[in-house]
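Presented below is the structure to which this report refers.
Chains as they are written, first to last, in our numbering: chain X, 2 to 388; chain B, 142 to 622.
Here you go:
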């Protein structure tokens, strides 16, 4: 019995290995794609670009920094009718198999959003199991997405890694392709997409080099058309109200223009509530946070309780005002990036049935009031401003 | 010619013929004052000659027979009246037994006119002293280890369990070696079923010689074709004592310091004596480390191959690029590379076991420089694989018993083969086969994976967490059961 089992095992192993019946692929037969770019091309096609790592130019500990000028990556691009065709064309030109599972980021140019139906793009993303859906999706302004991939970052080795880290370190999580697909497929929420702007910046000495930096957010509707752009401040306000942010900094002027106060806000939370009277048309959006005073250029002595209470009241008023402005701005555009539709769906299912079609138009008529509840947790280590 | 004759010449002739060409045999015949002929037979070096002189020759020759007594009627009478100052004596009638006793180092005293011989157990030969067991060193606990002499070993146990229920049964195994094998157990604690099975199997052994307890082990174990040993071996009396107290049986064999303990489970190979000597909270950590490292020791090379060549998307992105960078110029597939390194590592290990102590550093230098550094710098072997193999090697040394590491060394290769062909599917297959094998295995009626499978809530207390001793058998702190 044992002999029989052993014999079958061994012969199976031998047969399978002798016939080459394995599908392993060595790491040096793989091309690691860390970033993809999608650009508009003429005659109804799209241009795909892949940012591929060159492993031999990655600074290994033993090799030292011998690469010098040559960047540790290259960009391959091709045009095709859809994502797969373009990828296939790139694959034909490559010596290694493209592995998109480690992709950090997908960059899509603004032009593409304006001239194509971007929602068709994401079928491949959600259908093909080889996509990890963790990659961040961003919009590129001021240039093509392909250009963005080619930019060298002064700190990171690849621009896509840089952009990914930039969002991550600033507390902007939840912009992965998975979230985007969920947001665009849900009926009561619309996606918000970070915008990366390519600018020429003087980084050191006389050299001016292009650099990609976060410059705001795009509000998309359910067909993934850009409805409006938010700058960085409005963007962080929108993210807070969306419930995705984790922390942010805020600077506000003190009453009658006597200097400014800067805070770091943590534990950002938001809660939706229907207004008293159970009217679906009136919604209260509560935001909560803890504030830490980090800079104070006003004459206030923060060691006094009276001042602290006053400052706390001031933050709440100010934040309420700012958020309400952003809210109203987005509401005029139509796309409901806050998921208020989802809330109403759960709260008033019958009402929602009649409203869900053309929610973008209906959302404009919903009255959303923002209420802030920010607690001042710390005033820093010094009391009165230094004279 | 099976019994001792009353004529001493006949007996002498027989013994001389039996011990023909044995240059170390000693025949010493002499007469007492009343012309009674006596013959002493023993092996030179096996018998304490000083004892023979002091206890036998002197009283017989110089003192003669005590005055006023007639010619002795029988040998037994001499000892019945305690004329010879000896503790262990017996009379033998069978010549075969007599020969055996002489071979074991006893002194035979034959008297003319007596149809029996007297055997005085005056064995005295050089033995090794009790030393600290080097292979199973512990940080705390007894420093005594078993030696080659069986009697010394039984005393080491006797001294630890001072109770009449400690039973020590003796068996003789081996056609030529006539090795004494001892079955020790505590009556009332050990299971009678297990003992019966062991007794039966011990009786069935047909061997020319027993060189080590391993010979006995292979004869009595349940499944010789398993890669896991179903009997634990140890040279520590404290481990044997602990085993006996847990209701296990121990087998001691003359001529080897390695005692056998049975029945055992897979886990007992992964537990160290130190686990019971250190504070139990700390033991939780060391046991966890040991269990995880055991898994690492047989699964890591296979896992590395499966992850890096079959499922590169499962490795975190930056790590995968790091691995790809290191493997950029490797000429061999990962499986082959891992296989080569595992082979080299096991070769080094095997060399290290057989090397004379003085040559030890040479192997470490060659191993570290040639294989570690040069192979990587030449680009033949990539660094991640060196890390994987070293980690695997270190992990296998966390298993406290050497013989428990051997199955895992074998599984490492088997898993690597099947994973190299089938990837993670193969790894899963391998693990399932391994588990099926382990679950089917048993050691003298005890399932090999118990108390995990079948689950035993009481005994599992000593598996992952060693509970404090007072909580073990359901006792309270106050000591009442």
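Even glycine gets a Cβ: it sits at the ideal position worked out from N, Cα and C.
Exercise for the section: Below 8 Å on the Cβ atoms is my guess for residue 78/X versus residue 48/X; work out the distance and round it to an integer in Å. Expected result: Along the first chain, one-based indexing puts residue 78/X at 77. Along the first chain, one-based indexing puts residue 48/X at 47. Residue 78/X to residue 48/X, Cβ: 6 Å. Contact.
Handout entry: Where the segment 462-475 of chain B meets chain X: residues whose CB sits under 8 Å from a CB there
Key = 462, 463, 464, 465, 466, 467, 468, 469, 470, 471, 474, 475
Practice task
Please classify residue 240/B: does DSSP put it in a helix, a strand, or coil?
Solution key: Counted from its first residue, the second chain places residue 240/B at position 99. The answer is helix: DSSP assigns residue 240/B an H, G or I state.
Problem - residue 76/X vs residue 50/X beta-carbon contact at 7 Å - result: By one-based count along the first chain, residue 76/X stands at place 75. By one-based count along the first chain, residue 50/X stands at place 49. Yes. Within cutoff.
Practice task
Starting from residue 48/X, follow its DSSP beta bridges and name the residues at the other end.
Solution key: Within the first chain, residue 48/X is the residue found at index 47, counting from 1. Bridge partners of residue 48/X: 40/X, 80/X.
Problem - Residues sharing a beta bridge with residue 401/B, DSSP - result: In the second chain, residue 401/B corresponds to position 260, counting from 1. In DSSP, residue 401/B forms a bridge with 374/B, 392/B.
Problem - Chain-ordered neighbours of residue 366/B on chain X, where CB pairs are closer than 8 Å - result: The residue you call residue 366/B lines up with position 225 of the second chain. Simply 3.
Practice task
Determine the direct distance from the alpha carbon of residue 260/B to that of residue 239/B, and round the result to whole angstroms.
Solution key: The residue you call residue 239/B lines up with position 98 of the second chain. The residue you call residue 260/B lines up with position 119 of the second chain. If I take the Cα positions, the gap works out to 8 Å.
Practice task
Could you name each continuous beta strand (DSSP E) segment of 3 residues or more that falls completely within the segment 239-323 of chain B, going from the start of the chain to the end?
Solution key: 248-252, 258-261, 307-314
Handout entry: Integer Cβ distance of residue 447/B from residue 568/B, believed to fall under 8 Å
Key = The sequence position of residue 447/B within the second chain is 306, counting from 1. The sequence position of residue 568/B within the second chain is 427, counting from 1. Contact flag correct, Cβ pair sits at about 5 Å.
Handout entry: First through last residue of the beta strand (DSSP E) which encompasses residue 338/X
Key = Walking along the first chain from the start, residue 338/X turns up at place 337. Premise fails: residue 338/X is in no beta strand (DSSP E) and is neither H nor E.
Exercise for the section: Starting from the C-beta of residue 63/X, find all residues in its chain whose C-beta is less than 6 Å away, skip the five residues before and the five after it, and write them out in chain order. Expected result: Counted from its first residue, the first chain places residue 63/X at position 62. Residue confidence for residue 63/X is low, a pLDDT of 44 falling below 50, so the modelled location carries little weight and cannot support an answer.
Handout entry: Whole-angstrom distance between residue 178/X and residue 136/X, CA atom to CA atom
Key = In the first chain, counting from the first residue as 1, residue 136/X sits at position 135. In the first chain, counting from the first residue as 1, residue 178/X sits at position 177. Roughly 6 Å between the two C-alpha positions.
Exercise for the section: Can you have a look at residue 3/X and say buried or exposed, based on whether 16 or more other CB atoms are within 10 angstroms of its CB? Expected result: Here residue 3/X refers to the residue found at position 2 of the first chain. Label assigned to residue 3/X: exposed.
Problem - residue 243/X vs residue 338/X beta-carbon contact at 7 Å - result: Numbered from its first residue, the first chain carries residue 243/X at position 242. Numbered from its first residue, the first chain carries residue 338/X at position 337. Yes.
Exercise for the section: Establish whether the CB of residue 193/X and some CB of chain B are separated by less than 7 Å. Expected result: Position 192 of the first chain holds residue 193/X. No - not a single Cβ of chain B is within 7 Å of the one on residue 193/X.
Practice task
Grab me the residues of residue 327/X's own chain with a C-beta within less than 6 Å of its C-beta, minus the 5 sequence neighbours each way, in chain order.
Solution key: As a first step, residue 327/X is located in the first chain; it is residue number 326 there, counting from the start. Cβ neighbours of residue 327/X beyond the five flanking positions: 235, 238, 239.
Handout entry: Cβ distance (whole Å) where residue 511/B is taken to contact residue 493/B below 8 Å
Key = Your numbering for residue 511/B matches position 370 in the second chain. Your numbering for residue 493/B matches position 352 in the second chain. Their Cβ separation, rounded to whole angstroms, is 15 Å, which puts residue 511/B and residue 493/B out of contact at 8 Å.
Exercise for the section: Go through its chain and collect everything with a Cβ distance to residue 368/B's Cβ below 6 Å, but skip five positions before and after it. Expected result: As a first step, residue 368/B must be located in the second chain, where it is residue number 227. Counting only Cβ-Cβ distances below 6 Å, and skipping sequence neighbours, we find 548, 551.
Handout entry: C-alpha distance - residue 623/B paired with residue 194/B, whole-angstrom precision
Key = Coverage of chain B is limited to positions 142 through 622, which leaves residue 623/B absent and any answer about it impossible.
Exercise for the section: Output yes or no for whether 7 Å exceeds the beta carbon distance between residue 108/X and residue 149/X. Expected result: In the first chain, counting from the first residue as 1, residue 108/X sits at position 107. In the first chain, counting from the first residue as 1, residue 149/X sits at position 148. Going by C-beta atoms, residue 108/X is nearer than 7 Å to residue 149/X.
Problem - Proximal residues, the segment 98-122 of chain X versus chain B, C-beta separation under 8 Å - result: 100, 102, 103, 105
Exercise for the section: Could you tell me which uninterrupted beta strand (DSSP E) segments, each at least 3 residues in length, are contained entirely in the segment 584-615 of chain B, listed from first to last along the chain? Expected result: none
Handout entry: Contacts around residue 270/X, its chain only, beta-carbon distance under 6 Å, and the 5 residues preceding and following it disregarded
Key = If you number the first chain from 1, residue 270/X lands on position 269. Cβ within range, chain order: 289.
Exercise for the section: Determine the extent of the alpha helix (DSSP H) in which residue 191/B is found, giving its start and end residues. Expected result: Locating residue 191/B in the second chain gives position 50, counting from the first residue. Residue 191/B -> alpha helix (DSSP H) spans 190-193.
Practice task
Name the residue from 186/X, 176/X, 73/X, 320/X whose alpha carbon lies nearest to the alpha carbon of residue 219/X.
Solution key: For the purposes of this step, residue 219/X is taken as the residue at position 218 of the first chain. Comparing Cα-Cα distances from residue 219/X to each of 186/X, 176/X, 73/X, 320/X, the minimum goes to 176/X.
Practice task
Could you please tell me which residues of the segment 27-42 of chain X, in chain order, have their CB closer than 7 Å to any CB of chain B?
Solution key: 27, 28, 29, 31, 33
Exercise for the section: Ignore the nearest five residues each way along the sequence and tell me which others in residue 182/X's own chain have a CB closer than 7 Å to its CB. Expected result: As a first step, residue 182/X is located in the first chain; it is residue number 181 there, counting from the start. Around residue 182/X: 123, 126, 127.
Practice task
Would you kindly check if the distance between the Cβ of residue 391/B and the Cβ of residue 405/B is under 7 Å?
Solution key: Within the second chain, residue 405/B is the residue found at index 264, counting from 1. Within the second chain, residue 391/B is the residue found at index 250, counting from 1. No, the pair does not count as a contact, with Cβ atoms beyond the cut-off.
Problem - DSSP three-state assignment for residue 376/X, whether helix, strand or coil - result: By one-based count along the first chain, residue 376/X stands at place 375. Residue 376/X: strand per DSSP, three-state reduction.
Problem - For residue 13/X, the nearest candidate out of 582/B, 577/B, 555/B, 586/B (CA to CA) - result: Residue numbering aside, residue 13/X sits at position 12 when the first chain is read from its first letter. Taking only the C-alpha atoms, the option nearest residue 13/X is 555/B.
Exercise for the section: State the Cα-Cα distance for the pair residue 275/X and residue 345/X, rounded to the nearest angstrom. Expected result: As a working mapping, residue 275/X is identified with position 274 in the first chain. As a working mapping, residue 345/X is identified with position 344 in the first chain. Taking the straight line joining both Cα atoms gives about 9 Å.
Practice task
Flag this pair as yes or no: are the beta carbons of residue 256/B and residue 182/B separated by less than 7 Å?
Solution key: Counted from its first residue, the second chain places residue 256/B at position 115. Counted from its first residue, the second chain places residue 182/B at position 41. No; because the gap between Cβ atoms is not below 7 Å, this pair is not in contact.
Problem - Environment of residue 320/X [buried if 16+ CB atoms lie within 10 Å] - result: Here residue 320/X refers to the residue found at position 319 when the first chain is read from its first residue. When all chains shown are included, residue 320/X counts as buried.
Problem - DSSP-derived helix/strand/coil call for residue 163/B - result: Along the second chain, read from residue 1 onward, the residue named residue 163/B stands at position 22. Coil, per DSSP.
Handout entry: Residues of its chain near residue 209/B, where Cβ-Cβ distance is below 6 Å and the 5 sequence neighbours each way are ignored
Key = If you number the second chain from 1, residue 209/B lands on position 68. In this prediction, residue 209/B has a pLDDT of 45, which is less than 50 and means its spatial position is unreliable; nothing more can be read from the coordinates.
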